[in-house]
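Novice: Once you've had a glance at the structure underneath, I'll fire off some questions.
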Amino acid sequence: MNVQNILLNLEAKHPGEQEYLQAVTEVLESIEGIYNENPQYESAKIIERLVEPDRILTFRVSWVDDRGQVQVNLGHRVQFNNAIGPYKGGLRLHPSVNLSILKFLGFEQTFKNALTTLPMGGAKGGSDFNPKGKSDNEIMRFCQAFMLELWHIIGPNTDVPAGDIGTGGREIGYLYGMYKKLKMENTGILTGKGLNWGGSLVRPEATGFGATYFVNEMLKANNDSFKGKIVTVSGFGNVAWGVALKVTELGGKVVTISGPDGYIYDEKGLDADKIDYLLTLRASNNDIVSPYAEEFPEAKFIANKKPWEVTCDIAMPSAIQNELNDDDAALLLSNDVKYVAEVSNMGCTSEAVEAFHKAQIPFGPGKAVNAGGVGVSGLEMSQNAMKLNWTVEEVDAKLHQMMFSIHEACTKYGTEPDGYVNYVDGANIAGFIKVADAMLDQGII
Ligand code: 2IT
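The following block contains the structure:
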């Protein structure tokens, strides 16, 4: 494989799709060695087949707002790869959504899902719909209109969407309601459902809890622990909330959260009341964190800045792609950061990742660190198929085991001769081998 040639071809075919090309570049650089050692990959053109999604459905979503005005959005579902199981991945509702972003997310999801140990392929979808400031009824009408198109191509053994940025329990409910109406059946076609209609315990917490379990394994590998560690977190949504809960429980101190308006520095750390308040912030549909400093006056709100200027032991970006760049990485390193773990998908730019690797800081990539979210989605699918519910203890134990085995896989494939674990290489190689070998087994399709 010549990585440069493949990338030049892709760039010519998909000009300007920066996030997608960034995600592909990172994976190809990691797997180049193993690919070239195994000529059967090359002769089956595994890379050429793996970097393009199986198919993309793009559709118009028309709905009526509270003033009676017609609104038109664009919806997409990128079914990336189903070599190891049904397509699986979230739906993002955010004004920035475009095909480059959904293709990068679907590509990442393919490897992430392979790492979970469960049989799930990769997909992603969403819309440029902006939930900010929308009423409950507007959200419902949008979700119903979105499902009027999406339902044709999903199914419990075909494609199972879930939440992502802008899509939480409420949106999953409205989407599920419309699917049920159209198809006249109750099946596990979405995950992140409500507990009394097919949802799984621990799914809301799973991404943040899983990420914290993964970082705990990184710490243990260095004879270290969360006890007394200062942790900076970005974002204030579902993922940041789960991280704050579990890190605090394990003895770490979360001192920041952030939104598009700036960040909160809370030197005392987030306690149970403050973590609960994140849910209020999120439910407000306002996408701002400044009210936190009014509610808890000992905290400071720093407008239009990112939390990476705060001195910390562990940084856990938990908001959106490319939220931590080379300047932020330099700041963190100059303040002696010891561990960095992407909880958001591709939360760090390539330059930032390179800086952490160069400084030999243990760095966990999103597709390993945040895999607990989709992992528990997989457990929700299992429970739906068996028509039963597992207890909190059962789901949490399975999540724990999953994150432990993902850490093992990263160590197995990513340990360098000097002992430094390159978690990016480890995750990419482990995920790739599983998907590529399944593709080989199933012939040229
Ligand atoms: O990025 C992700 O892994 C998710 N948004 C969760 C996907 C899922 O199917 O639970």
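In my numbering, the protein residues as written are 4 to 448. C-beta atoms are modelled at their ideal positions from N, C-alpha and C, and glycine is treated no differently.
Looking at ligand 1, does it come within less than 8 Å of Thr113, judged from the CB to the closest heavy atom?
Specialist: Thr113: no, Cβ never under 8 Å from ligand 1.
Novice: State buried or exposed for Trp200, treating a residue as buried only when at least 16 other CB atoms are found within 10 Å of its CB.
Specialist: So Trp200 ends up on the exposed side.
Novice: Please classify Tyr266: does DSSP put it in a helix, a strand, or coil?
Specialist: Tyr266: strand per DSSP, three-state reduction.
Novice: Can you name the start and end residues of the beta strand (DSSP E) that Thr61 belongs to?
Specialist: Its beta strand (DSSP E) spans residues Arg58 to Val67.
Novice: Specify whether the region 381-393 and the region 358-369 touch according to this definition: at least 3 beta carbon pairs, one from each stretch, less than 8 Å apart.
Specialist: The answer is no - the region 358-369 does not touch the region 381-393, with fewer than three Cβ pairs under 8 Å.
Novice: Where do the ends of the alpha helix (DSSP H) carrying Asn307 lie?
Specialist: Note, Asn307: premise wrong, no alpha helix (DSSP H); not H, not E.
Novice: Give me the DSSP bridge partner(s) of Phe149.
Specialist: DSSP output for Phe149 lists no bridge partner at all.
Novice: State the Cα-Cα distance for the pair Ala214 and Lys437, rounded to the nearest angstrom.
Specialist: Distance between the alpha carbons of Ala214 and Lys437: 22 Å.
Novice: For Lys115 versus Val424, is the C-beta spacing smaller than 9 Å?
Specialist: It is not a contact, given that the beta carbons lie outside the stated cut-off.
Novice: Can we say the region 404-423 touches the region 248-259, given the rule of at least three CB pairs closer than 8 Å?
Specialist: At 8 Å Cβ cutoff, the stretches do not touch.
Novice: Could you give the residue range of the beta strand (DSSP E) that holds Gly434?
Specialist: That residue, Gly434, is in no beta strand (DSSP E); its alpha helix (DSSP H) goes Tyr426 to Asp444.
Novice: Could you tell me if Gly446 is buried or exposed, where buried requires 16 or more neighbouring beta carbons within 10 angstroms of its beta carbon?
Specialist: The residue is exposed, with fewer than 16 neighbouring Cβ atoms inside 10 Å.
Novice: What I want to know is whether the C-beta of Pro98 ends up closer than 8 Å to one or more non-hydrogen atoms of ligand 1.
Specialist: Result no, Cβ not under 8 Å from ligand 1.
Novice: Assuming Leu77 is part of the beta strand (DSSP E), what are its boundary residues?
Specialist: Counting along the chain, the beta strand (DSSP E) containing Leu77 begins and ends at Val73 to Asn84.
Novice: Could you say if the region 320-331 and the region 345-358 meet the contact criterion of at least three C-beta pairs nearer than 8 Å?
Specialist: The region 320-331 vs the region 345-358: in contact.
Novice: Does the beta-carbon of Ser65 have 16 or more other beta-carbons within 10 angstroms, so that it is buried, or is it exposed?
Specialist: Classification of Ser65: exposed, given that the 10 Å Cβ count is below 16.
Novice: Thinking C-beta only, is Lys196 closer than 9 Å to Ile168?
Specialist: No, Cβ-Cβ distance for Ile168 and Lys196 is not below 9 Å.
Novice: Within 8 Å: the Cβ of Asp167 and any heavy atom of ligand 1?
Specialist: Because some heavy atom of ligand 1 lies under 8 Å away, the Cβ of Asp167 counts as near it: yes.
Novice: Nearest-angstrom Cα distance between Asn288 and Gly71?
Specialist: In a straight line, the C-alpha of Asn288 is about 21 Å away from that of Gly71.
Novice: Just the C-alpha distance for Asn392 and Asn189, rounded to the nearest angstrom, thanks.
Specialist: Cα to Cα, Asn392 sits roughly 16 Å from Asn189.
Novice: Check whether the Cβ of Thr235 lies closer than 8 Å to any heavy atom of ligand 3, and answer yes or no.
Specialist: The model on display carries ligand 1 but not ligand 3.
Novice: What do you reckon, are the CB atoms on Thr194 and Leu96 nearer than 9 Å?
Specialist: Cβ distance not < 9 Å, so Thr194 and Leu96 don't count as in contact.
Novice: Among all the DSSP beta bridges, which residues are the ones paired with Asp167?
Specialist: Per DSSP, Thr170.
Novice: Determine the DSSP secondary structure at Thr215, reduced to helix, strand or coil.
Specialist: The answer is helix: DSSP assigns Thr215 an H, G or I state.
Novice: Should Val379 be labelled buried (16 or more other beta-carbon atoms within 10 Å of its own) or exposed?
Specialist: Counting Cβ neighbours within 10 Å, Val379 comes out buried, since at least 16 surround it.
Novice: Among Ala433, Ile448 and Asp428, which one has its Cα closest to the Cα of Gln29?
Specialist: Note on residue identity: the sequence assigns Glu, not Gln, to residue 29. Per the Cα distances, Asp428.
Novice: Rounded to the nearest angstrom, what separates Arg285 and Ala243 at their Cα positions?
Specialist: Approximately 11 Å between the Cα atoms of the pair.
Novice: Suppose you measure from the CA of Val67 to the CA of Gly265; what does that come to, to the nearest Å?
Specialist: Distance between the alpha carbons of Val67 and Gly265 is about 32 Å.
Novice: Would you give the residue range spanned by the beta strand (DSSP E) that Thr113 belongs to?
Specialist: Per DSSP, Thr113 belongs to no beta strand (DSSP E); it is in the alpha helix (DSSP H), Leu102 to Leu118.
Novice: Need the endpoints of the beta strand (DSSP E) that Tyr342 sits in, please.
Specialist: First-last of the beta strand (DSSP E) with Tyr342: Tyr342 to Ala344.
Novice: Closest to Val398 by C-alpha separation, out of Tyr182, Ser203, Ala358 and Ile448, would be which residue?
Specialist: It is Ser203 whose Cα lies nearest to the Cα of Val398.
Novice: Give me the Cα-Cα distance between Ala209 and Ile37, rounded to the nearest whole angstrom.
Specialist: Using only the alpha carbons, I get a separation of about 32 Å.
Novice: Just the C-alpha distance for Tyr280 and Glu45, rounded to the nearest angstrom, thanks.
Specialist: Rounded to the nearest angstrom, the two C-alpha atoms are 52 Å apart.
Novice: Taking 8 Å as the cut-off, does the CB of Ala374 come closer than this to any heavy atom belonging to ligand 1?
Specialist: Because some heavy atom of ligand 1 lies under 8 Å away, the Cβ of Ala374 counts as near it: yes.
Novice: For ligand 1, any of its heavy atoms closer than 8 Å to the Cβ of Ser380?
Specialist: Yes, since a heavy atom of ligand 1 falls inside the 8 Å radius drawn around the Cβ of Ser380.
Novice: Specify the secondary structure class of Lys184 as computed by DSSP and reduced to three states.
Specialist: It is helical.
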